[in-house]
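Okay, structure first, notes after.
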Amino acid sequence: MSRWDDVEAFVAVVEEGGFSAGARALGTSPSFASRAIQRLERRLAVQLLHRTTRQLRLTDSGRRYFEECRSLVTALDAAERSVQAMEAAPRGLIRMSCATYFGEHYLAPAVNDFMLQYPEISVELELTNRVVDLVQEGFDLAVRLGSLKDSSLVARRLAPRRLHVCASPGYLARHGHPASPEALARHQCLVGSTDYWTFSINGRREDRRVRGRLRCNNGLALLDAALKGLGIAQLPAHYVAGPLARGELVEVLPDYRFTDAGVYAVYPWSRYPAPKVRAMVDFLLAHFQTPASAERAGSDASAASADAGR
1 MSRWDDVEAF VAVVEEGGFS AGARALGTSP SFASRAIQRL ERRLAVQLLH
51 RTTRQLRLTD SGRRYFEECR SLVTALDAAE RSVQAMEAAP RGLIRMSCAT
101 YFGEHYLAPA VNDFMLQYPE ISVELELTNR VVDLVQEGFD LAVRLGSLKD
151 SSLVARRLAP RRLHVCASPG YLARHGHPAS PEALARHQCL VGSTDYWTFS
201 INGRREDRRV RGRLRCNNGL ALLDAALKGL GIAQLPAHYV AGPLARGELV
251 EVLPDYRFTD AGVYAVYPWS RYPAPKVRAM VDFLLAHFQT PASAERAGSD
301 ASAASADAGR
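Residue numbers (UniProt numbering): 1 to 310.
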C-alpha cells in the first residue's frame, strides 16, 4: 500500500471517531484501517493514537500529524474536483428565476442566445415578481435587481441600476422643491410596491419612508401620475430620460441619488459550482457588460423593480 493510502486511513479514522466508522467512510474494512495506522506509526517511530476499548485519543504528536495531513487530504480533494469540474462539459437543466419585466425584455433574449451556444443545456426560466428561495425551491440561479441583502448566496453584478426622483414643473411650482430626503414627508409621493426610497446620504445608503395618495406597482402608471402633477416619483432612467430631456419632468434631490445598486446573478454557494451554472453566469456577465446591453439593462432593471418591487 502507498504512504498516501495510510495517511487517508489515519485522517478518516480520526475524523469519524473510530476504526469502523473510518473504514466505512473509505469503503474498506476496519482491519485495513488499523494496519494502515500501524504502518504509519512504525515508519514515523511515534505513537499517533491511544487506543482503548471505548475510544481513540490522539497523542500530541498524533494531533500535530493529523492537522497537517488533513490539510493535505482536503487540498488534494479540492484539486481533483476542480479539474473534474473544469473538464466536464456544461450540460443538464438550469432552473432560473427573474422579475417579470426584466426577464421579458432582457434576460429571456440573453438566455435564448446562451442556449444556441450550449445545445446540451436546457433552461426552465420562471418570470415572477416574488423573491424565490433558491435552495428550498430547487432553483440553480436567479437574476435580482437593486441592493441585495446579506445572505449565503453568491452574487455577481451584471449591470448598474439607476433611479431618479422627479416631478412635473407644475407640481414643483405649487409645492416647492424638497431640499432633502426628509423634506419628502411634506410632499405627495407616488409610492410603488415598497414604502421606502433609497438615497445616498454622507456616502452611505439610507432608506426613507414615503407616503402619498397613490400607490401602484407599475412604472408606467407612476410615470403618468408624475407627468400629470400628482406628486413626486422615484423611477428608472428608462422611464424618465425622455421626459427629463423634454422638460416634462424635473429631477429633484440629485445630490442624494443612490448609485451603488445593480442587476445581479445570484446562486447558492458551492465550493464546486456546476459547470452549467458557471457557464450561464459567465455568459450573462459577458452579455451585460457590453456597453449597449449594460446601459439598457441598467435602466430597465429599475423599471422591473418599479413594476414588481423585486
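Beta carbons: idealized from backbone N, C-alpha and C, even for Gly.
### Message
DSSP has TYR239 in a bridge; who is on the other side?
### Response
Answer is none; TYR239 lacks a bridge partner.
#### Entry: Alpha-carbon to alpha-carbon, SER29 and ALA159
About 55 Å.
### Task
Please confirm whether TYR239 and LEU214 have their CB atoms less than 9 Å apart.
Cβ distance not < 9 Å, so TYR239 and LEU214 don't count as in contact.
### Query
Which first and last residues belong to the beta strand (DSSP E) in which ALA155 is found?
153-160 is the span of the beta strand (DSSP E), which, as asked, contains ALA155.
### Message
Classify ARG162: buried if its beta carbon has 16 or more other beta carbons within 10 angstroms, exposed otherwise.
### Response
So ARG162 ends up on the buried side.
### Message
Taking 8 Å as the cut-off, is the C-beta of GLU67 nearer than that to any heavy atom in the ligand HEM?
### Response
In terms of ligand content, the structure shown is empty, and the ligand HEM therefore cannot be addressed.
### Message
Please report the straight-line C-alpha distance between SER71 and THR194, rounded to a whole angstrom.
### Response
Each residue's Cα considered, the two are about 48 Å apart.
### Query
Is GLY146 helix, strand or coil when you go by DSSP?
Note: GLY146 maps to strand in three-state DSSP.
### Query
Exposed or buried, what is GLU68 when buried is set at 16 or more other beta-carbons lying within 10 Å of its beta-carbon?
When all chains shown are included, GLU68 counts as exposed.
### Query
For the putative contact between ASP6 and LEU40, defined by C-beta atoms under 8 Å, what is the C-beta separation to the nearest angstrom?
Between the beta-carbon of ASP6 and that of LEU40 there is about 5 Å, and that keeps the pair under the 8 Å contact cut.
### Task
Counting only the same chain and skipping the five closest in sequence on each side, list residues whose C-beta sits under 8 Å from that of ARG257.
In the same chain as ARG257, and ignoring 5 residues on each side of it, the C-beta atoms closer than 8 Å to its own belong to ARG162, LEU163, HIS164, VAL165, PHE199 and SER200, in chain order.
### Query
Just how far apart, CA to CA, sit GLN136 and ALA142?
So the two alpha carbons sit approximately 13 Å from each other.
### Query
What separation, rounded to the nearest whole angstrom, lies between the Cα atoms of TRP269 and THR259?
Between TRP269 and THR259, the C-alpha separation is close to 26 Å.
### Task
Could you tell me whether the Cβ atoms of GLY212 and HIS187 are closer together than 9 Å?
For GLY212 and HIS187, yes; Cβs fall inside 9 Å.
### Message
Suppose you measure from the CA of ARG208 to the CA of LEU227; what does that come to, to the nearest Å?
### Response
Distance from the CA of ARG208 to the CA of LEU227, rounded to the nearest whole angstrom, comes to 23 Å.
### Query
If you draw a straight line from the C-alpha of LEU285 to the C-alpha of ARG81, how long is it?
For LEU285 and ARG81, the distance between alpha carbons rounds to 24 Å.
### Message
Suppose contacts are defined by Cβ-Cβ distances below 9 Å. Is PHE66 in contact with LEU76 by that definition?
### Response
Going by C-beta atoms, PHE66 is not nearer than 9 Å to LEU76.
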